[in-house]
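2 protein chains.
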Amino acid sequence: MVTEALTEDAAAGLARGFKALGDPVRLRLLSLIAARAGGEVCVCELTDAFTLTGPTISHHLKVLREAGLIDCQRRGTWVYYWIVPARLAALSQLLDVSAAAASTGSTR
Amino acid sequence: MVTEALTEDAAAGLARGFKALGDPVRLRLLSLIAARAGGEVCVCELTDAFTLTGPTISHHLKVLREAGLIDCQRRGTWVYYWIVPARLAALSQLLDVSAAAASTGSTR
DNA sequence: CTTCTGCCTAGACAGTTATCTAAACAACAG
DNA sequence: CTGTTGTTTAGATAACTGTCTAGGCAGAAG
């Protein structure tokens, strides 16, 4: 079991990811992208799923992208977004390991 | 594989958890608590690990507690905090499932 | 070239947050 | 009771965030 306390730098990097996930709209955006077979979703589809304006959705997508959680590419008129699995997995693992350590009540 | 898009309510509840994790200080606090054999940590130990004032640490602990990530109890002079594993596991699972769905490029 | 649609940037505004100091509360020791 | 120590609450302030409107850029179609 490897659950050392986080260094300040490690915590800063991981916190940036969690912070981006800390908004219901962004969490739903991520979920919509992840749940799409094919792995890619056009912005127009995402915008339609909310009662928010285009710029607001665009802003949230930018936050998710800058946190390394998603990436995008323009193809012709449309812009497509997809998940960055490794980043999600890294965040998931931290919580999983912490939960496990707490459950067994021990670590190193 | 179960990766439906999140409902608005589900997203709100989960986002509250991630939001609490979205601060480097809180992430380190959680990590310090989780990494402690015995599962419980006194506030005084946590305060010593940072260059922040007591009230600031107390504030962050409150945020984590209100997000359901930790819980606490006073025993005599000292207050002890511990992890709520189920809550961490729930957050971890969402990311894990989303990452997996994105990796296979499919869901349901 | 002009126009239309999709997406993003810029700027503004209201609400939230991280931090501090000062003060209060809780438990224990004289 | 009084004083001491550990922890939390209250209030203030500077910084950040989510949302909007207005406007700009990119590509496609006439």
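One line per chain: the protein sequences are A and B, in this order. Here the numbering used here is used: the first residue of the first sequence is 1, the next is one more, and so on. Here the numbering used here is used: the first residue of the second sequence is 1001, the next is one more, and so on. For each residue, glycine too, the CB sits at the ideal point set by N, CA and C.
- By the beta-carbon neighbour count (other beta carbons within 10 angstroms, threshold 16), residue 1071 of chain B is exposed.
- Within the DSSP secondary-structure output, residue 71 of chain A pairs in a beta bridge with A/82.
- Pairing residue 91 of chain A with residue 61 of chain A gives a Cβ-Cβ distance that is not under 8 Å.
- A Cβ-Cβ distance of about 11 Å is found for the pair residue 1082 of chain B and residue 1042 of chain B, leaving them out of contact under the 8 Å criterion.
- When the five nearest sequence neighbours on each side are left out, the beta carbons in the same chain lying within less than 7 Å of the beta carbon of residue 1026 of chain B are those of 1020, 1060, 1063 and 1064, in order along the chain.
- Among the bridge pairs identified by DSSP, residue 42 of chain A is matched with A/80.
- Of A/102, A/33, A/86 and A/39, the smallest CA-CA separation from residue 47 of chain A is found for A/33.
- Look at residue 1034 of chain B here: in three-state DSSP terms it is helix.
- Not flagged as an interface residue toward chain A: residue 1052 of chain B, since no C-beta distance is shorter than 8 Å.
- For residue 1018 of chain B, the enclosing alpha helix (DSSP H) stretches over residues 1008-1021.
- For residue 1066 of chain B, the enclosing alpha helix (DSSP H) covers residues 1054-1066.
- One Cα belongs to residue 1093 of chain B, the other to residue 1011 of chain B, and the distance between them is close to 14 Å.
- By the rule that beta-carbons nearer than 8 Å mark a contact, residue 1075 of chain B does not touch chain A.
- The Cβ neighbour count for residue 1009 of chain B, taken over all protein chains shown within 10 Å, is under 16; the residue is labelled exposed.
- Residue 47 of chain A carries a helical assignment under DSSP once its states are collapsed to helix, strand and coil.
- The Cβ-Cβ distance between residue 6 of chain A and residue 1031 of chain B falls below 8 Å.
- The beta carbon of residue 1054 of chain B sits closer than 7 Å to those of 1047, all from its chain and outside the five residues before and after it, given in chain order.
- Sequence-distant Cβ neighbours of residue 69 of chain A in its own chain, meaning closer than 8 Å and more than five residues away, are 17, 20, 21, 30, 83, 84, 87 and 88.
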